[in-house]
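Add 48 to the 1-based position in the sequence shown for our numbering, that's all there is to it.
Note that beta-carbon positions come from the ideal geometry of N, C-alpha and C, so glycine has one too.
Note that this is a predicted model, so its numbers are computed, not measured.
Notes follow once the structure below has been shown.
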Amino acid sequence: MKSKAVEDALNNQINEELQSAYHYLAMSAEADRQGLPGFANWFKMQYLEELAHADKFFNYVLERDGEVKLGQLGAPEIKDKTPLGLFEGALSHEQHISACIFKLKDLARAESDHATDVFLEWFVSEQVEEEANARGVIDQLKMIEGNKNGLFMIDRELSGRKPEEDE
Ligand SMILES: [Fe+2]
Ligand SMILES: [Fe+2]
Numbered sequence: 049m050k051s052k053a054v055e056d057a058l059n060n061q062i063n064e065e066l067q068s069a070y071h072y073l074a075m076s077a078e079a080d081r082q083g084l085p086g087f088a089n090w091f092k093m094q095y096l097e098e099l100a101h102a103d104k105f106f107n108y109v110l111e112r113d114g115e116v117k118l119g120q121l122g123a124p125e126i127k128d129k130t131p132l133g134l135f136e137g138a139l140s141h142e143q144h145i146s147a148c149i150f151k152l153k154d155l156a157r158a159e160s161d162h163a164t165d166v167f168l169e170w171f172v173s174e175q176v177e178e179e180a181n182a183r184g185v186i187d188q189l190k191m192i193e194g195n196k197n198g199l200f201m202i203d204r205e206l207s208g209r210k211p212e213e214d215e
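Structure below.
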């Protein structure tokens with residue numbers, strides 16, 4: 049790739065997306081452990097989506113004749129294991145990823161890397177959706193205020209999430 053700084057940042061983003069996947073996988077296990085199969089399913093689907101994001105960056109670096117460098121992943125840490133806490137954690141994580149994407153886009157522009165700038169457009173929209181999805185579930189969880197019937201209903205709804213079609 050023309051800009052080493054952009055290449056490094058793209059490699060870093062592969063790591064961020066894989067780390068996200070790892071994080072959601074841990075959340076899926078935690079939800080399953082708590083007897084919330086719908087939550088577990090939703091986080092598992094999110095895990096798959098993050099793997100697909102990592103793959104998009106991976107393919108893009110190779111397509112631009114760059115060098116893929118895979119770094120280490122850290123063990124996921126779940127701070128608040130309540131159903132609401134899991135989704136609040138997901139939202140703050142997605143906000144972190146959005147910030148990473150914006151920084152990456154600023155860098156691509158500063159380096160006059162138009163192709164990367166355009167490539168990142170998809171991720172900018174995707175992050176709007178990711179944050180809104182997490183926020184939507186948070187709103188529902190706040191509405192039921194820990195009511196067991198409500199939680200059961202939300203879990204049922206989250207069990208309906210299916211893998212996304214390739215975009
Ligand atoms: Fe992602
Ligand atoms: Fe995400």
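{"Item": "Cut-off 7 Å between Cβ atoms - residues of its own chain near Phe167, not counting five sequence neighbours on either side", "Value": "Tyr108"}
{"Item": "Euclidean distance between Cα positions of Gly208 and Glu55", "Value": "38 Å"}
{"Item": "Backbone CA spacing between Ala171 and Glu142 [nearest angstrom]", "Value": "Sequence inspection shows Phe at residue 171; the Ala mentioned does not correspond to that position. Going from the Cα of Phe171 to the Cα of Glu142 covers about 12 Å."}
{"Item": "The stretch 88-101 contacting the stretch 152-165, beta-carbon criterion three pairs below 8 Å", "Value": "no"}
{"Item": "Heavy atom of ligand 2 within 7 Å of Ser68 beta-carbon", "Value": "yes"}
{"Item": "His101: CB within 7 Å of a non-hydrogen atom of ligand 1", "Value": "yes"}
{"Item": "Residue nearest to Gly83 in terms of C-alpha spacing, selected from Phe150, Asp203, Ala182", "Value": "Asp203"}
{"Item": "Segment contact flag, the stretch 129-146 with the stretch 176-183, C-beta cutoff 8 Å, min 3 pairs", "Value": "yes"}
{"Item": "Per-residue burial, Asn59 [other beta carbons within 10 Å of its own, 16 or more giving buried]", "Value": "buried"}
{"Item": "Minimum C-alpha distance to Phe135 - residue among Pro124, Asp80, Leu189, Lys52", "Value": "Leu189"}
{"Item": "Cβ neighbour criterion (16 or more within 10 Å) applied to Gln61", "Value": "buried"}
{"Item": "Reduced DSSP category for Thr164 - H, G, I as helix; E, B as strand; rest coil", "Value": "helix"}
{"Item": "Backbone secondary structure at Val176 - three-state DSSP", "Value": "helix"}
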